[in-house]
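S.K.: The structure follows.
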């Protein structure tokens, strides 16, 4: 458990989307070359019957599912400037029926909400020249509140957090060799300025990856951390149901595999799990997709 | 191009397949059935009658209408008919009990009454206890649950040591006969005060009608804590 996400789906989705695109292919400190692009269509989902509470422990909740069909894209406007797009083209948030184990009667009817989700647009700029030994880039990402914030009879379903946020991010990384295989390591830090009573967030993370099988297979693992400044509204200060999505924190680890089916087209799969969290789902999330890489 | 189209279609199909169902979760809401005498008759005047009342709660704490059996332990002092009408005969003390029996179980409750030269009903009943968390969300505090002196209902007062989490969306307080469920509960209202002393005025509820105070996150049906009345 928004529990739900608590449990709030929207922040959860946007945050964990950090985990679904390999820096080897997109993202990270490496802008696309001029005219180059990367597109990924993927399905991301999490189903959870427990959530991390505000004390960092886990409590049960009605089983909740969040399913998103994402389109992620990057396009190199110049060799140093890349525009970014990350949108949930279709988002579904569902909660199970809650039945009495004694009488089998429905205590709380399950519901579902379908809509477009929130969309991020952004610009990444290479602070170092292409080919630099230690590439560094800066990004600004704007989160557009295009999702639904309160669906269902109790307003407890959402596909967006209802706030316009602005995030600045610095990425740095380096490529190297492991034996004969190309590999890389990157890290980022960012600050997410949120509106509408939401707490600001400090974000950071790191990723390592390696290309295998003649660079057809790329494996990576990444760490993502969001720390809330907890300076937003609470139930004591607002009646907004959007506090569902507030003060979320987590530390997650993700594992991803990308496989090139053709020279430019591939499939990907990832698994991410939160090992510490507050007000966020306590269950792994999954992502599978297809990408086109025209770098 | 055909391969790309197939991959895209597979991704979309996977999404449609995954997101189609709403399943069932089950709440352990069993509790032992209970019958409860709700009339707080203390003393009954000789040669007068008084209507006793009872409530029956089934195995999930829902109130049900039943045909109960009333008894008096000493019928020389007072008798009671099957509708709960007690009649006083001579001075003394007797125990009035109510019984309900089904194929699976039998439940009962009893109370003592004194027969004397006047009638007295207990007024302004009051009880106290503690609400505490049953989750990892903070909730604690002493409470007093009492009939209002003007007879207009119930007053639930949380003491100065009360505090609860303000991070939950839609935290509500209820009166219930099932500490695990709010399915048949009386909703007092949304929690607006998260620490310190405060009072709820509750109308339309009798003192003996509920057994528990429960705190639930209403939108997600997550129990936060409870207190026994």
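Protein chains in written order, with this note's numbering: chain A, 680 to 974; chain B, 683 to 911.
Beta carbons: idealized from backbone N, C-alpha and C, even for Gly.
#1: Assuming residue 847 of chain B contacts residue 824 of chain B under a Cβ cut-off of 8 Å, what Cβ separation, rounded to an integer in Å, is found between them?
#2: Which chain A residues sit within Cβ distance under 7 Å of residue 818 of chain B?
#3: With a threshold of 8 Å between beta carbons, is residue 789 of chain A in contact with chain B?
#4: By alpha-carbon positions, which one of A/710, A/890, A/833 ends up nearest to residue 757 of chain A?
#5: Please say whether residue 761 of chain B and residue 769 of chain B have beta carbons closer to each other than 8 Å?
#6: For residue 841 of chain B, which residues from the same chain have a beta carbon less than 8 Å from its beta carbon, with the 5 sequence-adjacent residues on both sides left out?
#7: Distance cutoff 8 Å, beta carbons only. Does residue 718 of chain B sit that close to anything in chain C?
#8: Measure the Cβ-Cβ separation of residue 962 of chain A and residue 951 of chain A and say whether it is below 8 Å.
#9: What are the residues of the stretch 819 to 853 of chain A that lie near chain B, defined by any Cβ-Cβ distance shorter than 8 Å?
#10: For a cutoff of 8 Å on Cβ pairs, would you count residue 662 of chain B as touching chain A?
#11: Residue 943 of chain A to residue 857 of chain A, Cα distance in whole Å?
#12: If distances are taken between C-alpha atoms only, which option among B/738, B/797, B/893 comes closest to residue 858 of chain B?
#13: Please report the distance separating the alpha-carbon of residue 870 of chain A from that of residue 763 of chain A.
#14: List the residues of chain B that residue 913 of chain A touches, going by C-beta distances under 7 Å, in chain order.
#15: Could you check where the beta strand (DSSP E) with residue 739 of chain A kicks off and where it finishes?
#16: With a threshold of 16 other CB atoms inside 10 Å of the CB of residue 683 of chain A, please say whether the residue is buried or exposed.
#17: Considering Cα atoms alone, identify which of B/812, B/755, B/814, B/819 is closest to residue 793 of chain B.
#18: Does residue 889 of chain B come out as helix, strand or coil in the three-state DSSP assignment?
#19: Between the alpha carbons of residue 689 of chain A and residue 931 of chain A, how many angstroms are there, rounded?
#20: Can you look up residue 940 of chain A in the DSSP assignment and give me helix, strand or coil?
#21: Please confirm if residue 800 of chain B has its CB atom under 8 Å from at least one CB of chain A.
#22: What first and last residue would you give for the beta strand (DSSP E) that runs through residue 754 of chain B?
M.R.: Put simply:
#1: For the purposes of this step, residue 847 of chain B is taken as the residue at position 165 of the second chain. For the purposes of this step, residue 824 of chain B is taken as the residue at position 142 of the second chain. About 18 Å separates the beta carbon of residue 847 of chain B from that of residue 824 of chain B, a gap too long to meet the 8 Å contact definition.
#2: The sequence position of residue 818 of chain B within the second chain is 136, counting from 1. 732, 734, 736, 738, listed in chain order.
#3: Taking the first chain and counting its residues from 1, the one referred to as residue 789 of chain A is at position 110. True, the Cβ-Cβ gap to chain B drops below 8 Å.
#4: For this step, residue 757 of chain A is matched to residue 78 along the first chain. With distances taken between Cα atoms, residue 757 of chain A lies closest to A/710.
#5: The residue given as residue 769 of chain B occupies position 87 in the second chain. The residue given as residue 761 of chain B occupies position 79 in the second chain. Contact flag set, yes.
#6: Position 159 of the second chain, counting from 1, holds the residue named residue 841 of chain B. Closer than 8 Å at Cβ, skipping near neighbours: 823, 824, 825, 826, 879.
#7: This model lacks chain C altogether, as its protein chains are A and B.
#8: One-based indexing of the first chain puts residue 962 of chain A at position 283. One-based indexing of the first chain puts residue 951 of chain A at position 272. Contact: no.
#9: 833, 834, 835
#10: Nothing in the structure corresponds to residue 662 of chain B, since chain B is present only between 683 and 911.
#11: In the first chain, the residue the question calls residue 943 of chain A occupies position 264. In the first chain, the residue the question calls residue 857 of chain A occupies position 178. Straight-line Cα distance between these residues: approximately 23 Å.
#12: For the purposes of this step, residue 858 of chain B is identified with residue 176 of the second chain, where counting begins at 1. Closest option to residue 858 of chain B, Cα to Cα, is B/893.
#13: Your numbering for residue 870 of chain A matches position 191 in the first chain. Your numbering for residue 763 of chain A matches position 84 in the first chain. Each residue's CA atom was taken as its position, placing residue 870 of chain A and residue 763 of chain A some 17 Å apart.
#14: Within the first chain, residue 913 of chain A is the residue found at index 234, counting from 1. Here the neighbours are 848, 849.
#15: Here residue 739 of chain A is taken as the residue at index 60 of the first chain, counted from 1. Run containing residue 739 of chain A: 737 to 755, per the beta strand (DSSP E) assignment.
#16: Translated into positions along the first chain, residue 683 of chain A becomes position 4. Because residue 683 of chain A carries a pLDDT of 32, less than 50, the predicted location of this residue cannot be relied on, and the following value inherits that uncertainty. Classification for residue 683 of chain A: buried.
#17: Residue mapping note: residue 793 of chain B aligns to position 111 of the second chain, counting from 1. That would be B/755, whose Cα lies nearest to the Cα of residue 793 of chain B.
#18: By 1-based counting over the second chain, the position of residue 889 of chain B is 207. Coil at residue 889 of chain B, not helix or strand.
#19: By one-based count along the first chain, residue 689 of chain A stands at place 10. By one-based count along the first chain, residue 931 of chain A stands at place 252. Interpretation of residue 689 of chain A is limited by its pLDDT of 42, a score under 50 that renders its predicted location unreliable; the figure taken from the coordinates is listed afterwards. One C-alpha to the other measures close to 16 Å.
#20: By 1-based counting over the first chain, the position of residue 940 of chain A is 261. Three-state result, residue 940 of chain A: coil.
#21: For the purposes of this step, residue 800 of chain B is taken as the residue at position 118 of the second chain. With 8 Å as the cut-off, residue 800 of chain B does not count as an interface residue toward chain A.
#22: Within the second chain, the letter at position 72 stands for residue 754 of chain B. In this chain, the beta strand (DSSP E) harbouring residue 754 of chain B covers 751 to 754.
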